Amino acid sequence: METGRGAGTGRRALFCYARRMKRSIPELLQSEQPLVMVTAYDYPGGLHAEAAGVDLILVGDSLGNVVLGYESTAPVTLGDMIHHGKAVRRGAPQTFLVVDMPFGTYHTGVTDAMRKAVRIIQETGADAVKMEGSTPEVLQVVDTLTRNGVPVVGHVGLMPQTATAQGGLRVQGKDDDTARRTLEGALALEAAGAFCVVLEAIPARLAKLITERLRVPTIGIGAGINCDGQVLVTHDLLGIYEGEEKKIARRYAEVGRVSREAIAQYAAEVRRREFPTRENSFVMKDDVLDKLY
Numbered sequence: 051m052e053t054g055r056g057a058g059t060g061r062r063a064l065f066c067y068a069r070r071m072k073r074s075i076p077e078l079l080q081s082e083q084p085l086v087m088v089t090a091y092d093y094p095g096g097l098h099a100e101a102a103g104v105d106l107i108l109v110g111d112s113l114g115n116v117v118l119g120y121e122s123t124a125p126v127t128l129g130d131m132i133h134h135g136k137a138v139r140r141g142a143p144q145t146f147l148v149v150d151m152p153f154g155t156y157h158t159g160v161t162d163a164m165r166k167a168v169r170i171i172q173e174t175g176a177d178a179v180k181m182e183g184s185t186p187e188v189l190q191v192v193d194t195l196t197r198n199g200v201p202v203v204g205h206v207g208l209m210p211q212t213a214t215a216q217g218g219l220r221v222q223g224k225d226d227d228t229a230r231r232t233l234e235g236a237l238a239l240e241a242a243g244a245f246c247v248v249l250e251a252i253p254a255r256l257a258k259l260i261t262e263r264l265r266v267p268t269i270g271i272g273a274g275i276n277c278d279g280q281v282l283v284t285h286d287l288l289g290i291y292e293g294e295e296k297k298i299a300r301r302y303a304e305v306g307r308v309s310r311e312a313i314a315q316y317a318a319e320v321r322r323r324e325f326p327t328r329e330n331s332f333v334m335k336d337d338v339l340d341k342l343y
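Residue numbering for the sequence shown follows our numbering, starting at 51 and increasing by one per position.
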């Protein structure tokens, strides 16, 4: 059980679970069960994900849309990723942590990309970085990073950072050309050293073919059941945003509705002077109060 610093001090003490060792890359590669990955963007997100026993946590640049309110991931900075990555790591010290390299951080040369990847690893405590695409420039970065000890997760299919160039947020790989490029991109990422490849929003049969061709695990999001693992945005699976149904996700809870109703009830009780009650208030001795009068 949880011992040492943080045990019995409040937040972490709420989660009593058996201490486990963080899964290594060889263990992830050899897993006989589908890998479970979720996103997290802050301390409680990491805390809950680790307590639930997921295999990997992704600090995705989707934080731009999900928690920062941007229209896309493009405005997310390296500083944003490091800030949120550090918070997640504090919440999930024993879970394999992957941090996205945001748009523009690995497109300005191998040396610059290496420097920024090292910053992410050193400052967040991440176990790996993730980047999108399989262009020659990206493959060169993947090769350089992995040869120098920085594990990399690749990403093909729908790539949110460059979705505009792909025609928007829509399924990729449905025609001969894009299907072949998606397959070849995944194979090239493996050859460059990526230990895992995310397949996003591609037909399930294409994802199955890619998974069969690769020796490294595939993790799908909107890519069917035959990938070696799955990833979901935590806010999607928790139903944080009411009425926001996504084909690639399943809502396992309706936290947004519960949250809204709870806040509305709190507001109503304050206005009716039903909160705080005596149980929520502190008392003082009569003689102390008398002296003030």
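Built from N, CA and C at the ideal position, the CB exists for glycine as well.
This structure is a prediction, so every number in the text was calculated from the model and none was measured.
**OP:** Report yes or no: do the region 232-239 and the region 180-187 share at least 3 C-beta pairs separated by less than 8 Å?
**Re:** Contact between the region 232-239 and the region 180-187 is present, because at least three Cβ pairs lie under 8 Å.
Original post:
Exposed or buried, residue 271, counting other C-beta atoms within 10 Å across all chains shown (16 or more means buried)?
Top reply: buried
**OP:** Grab the span of the beta strand (DSSP E) containing residue 207 for me, first residue to last.
**Re:** 202-207
Subject >> Three-state class that DSSP yields for residue 177 in the structure shown >> reply: coil
Original post:
Residues in its own chain within less than 6 Å of residue 273 by CB, not counting five upstream and five downstream?
Top reply: 249, 252, 257
Subject >> Backbone secondary structure at residue 320 - three-state DSSP >> reply: helix
Subject >> Residues that DSSP places opposite residue 250 in a beta bridge >> reply: 207, 271
Original post:
To the nearest angstrom, how far is it from the Cα of residue 278 to the Cα of residue 310?
Top reply: 36 Å
Original post:
When you compare only the Cα positions, how much space is there between residue 237 and residue 192?
Top reply: 13 Å
**OP:** Pull up the distance between the alpha-carbon of residue 164 and that of residue 211, whole angstroms please.
**Re:** 19 Å
Subject >> C-alpha gap between residue 343 and residue 334, whole angstroms >> reply: 14 Å
**OP:** Give the range of the alpha helix (DSSP H) segment to which residue 113 is assigned.
**Re:** Taken as a continuous stretch (DSSP letters only), the alpha helix (DSSP H) holding residue 113 covers 113-116.
Subject >> Closest Cα partner of residue 143 within the set 110, 120, 246, 95 >> reply: 95
Original post:
Roughly how many angstroms separate the alpha carbons of residue 327 and residue 108, rounded to a whole number?
Top reply: 42 Å
Subject >> Alpha-carbon spacing of residue 49 relative to residue 303, whole angstroms >> reply: Residue 49 cannot be examined here, being either before or after the span of the chain that is shown, 51 to 343.
Original post:
residue 76 to residue 268, Cα distance in whole Å?
Top reply: For residue 76 and residue 268, the distance between alpha carbons rounds to 14 Å.
Original post:
Which two residues bound the contiguous alpha helix (DSSP H) that contains residue 334?
Top reply: Careful: residue 334 lies outside any alpha helix (DSSP H) and carries neither H nor E.
Original post:
How many whole angstroms separate the CB atoms of residue 179 and residue 160, which I take to be in contact at a CB cut-off of 8 Å?
Top reply: Not really, about 14 Å apart at Cβ, beyond 8 Å.
**OP:** Report buried or exposed for residue 337, applying the criterion of at least 16 other Cβ atoms within 10 angstroms of its Cβ.
**Re:** Per the 10 Å Cβ criterion, exposed.
**OP:** Please go through the region 73-113 and give each complete beta strand (DSSP E) segment of 3 or more residues, from N-terminal end onward.
**Re:** 85-89, 106-109, all fully within the region 73-113.
Subject >> Contacts around residue 78, its chain only, beta-carbon distance under 8 Å, and the 5 residues preceding and following it disregarded >> reply: 85, 105, 106, 146, 245, 246, 267
Original post:
How would you write the range of the beta strand (DSSP E) that residue 264 sits in, first residue to last?
Top reply: Careful: residue 264 lies outside any beta strand (DSSP E) and carries neither H nor E.
Original post:
Does DSSP classify residue 144 as helix, strand or coil?
Top reply: coil
**OP:** Out of 276, 298, 226, 265, point me to the one whose CA is closest to residue 220's CA.
**Re:** 298
Subject >> Presumed contact (8 Å Cβ cut-off) between residue 89 and residue 135, rounded CB distance >> reply: Actually they are not in contact, since the Cβ atoms of residue 89 and residue 135 sit about 12 Å apart, beyond 8 Å.
Original post:
With which residues is residue 279 paired in a DSSP beta bridge?
Top reply: 85, 269
Original post:
Who are residue 149's beta bridge partners in DSSP?
Top reply: 109, 179
**OP:** Count the other C-beta atoms from every protein chain shown that fall within 10 angstroms of the C-beta of residue 172, then say buried if there are 16 or more, exposed otherwise.
**Re:** exposed
**OP:** Check the C-beta distance from residue 152 over to residue 189 and give it rounded, since I have them as a contact under 8 Å.
**Re:** Actually they are not in contact, since the Cβ atoms of residue 152 and residue 189 sit about 19 Å apart, beyond 8 Å.
**OP:** Name the two residues that bound the continuous alpha helix (DSSP H) containing residue 234.
**Re:** 226-242
Original post:
Whose C-alpha, out of 240, 208, 139, is nearest the C-alpha of residue 228?
Top reply: 208
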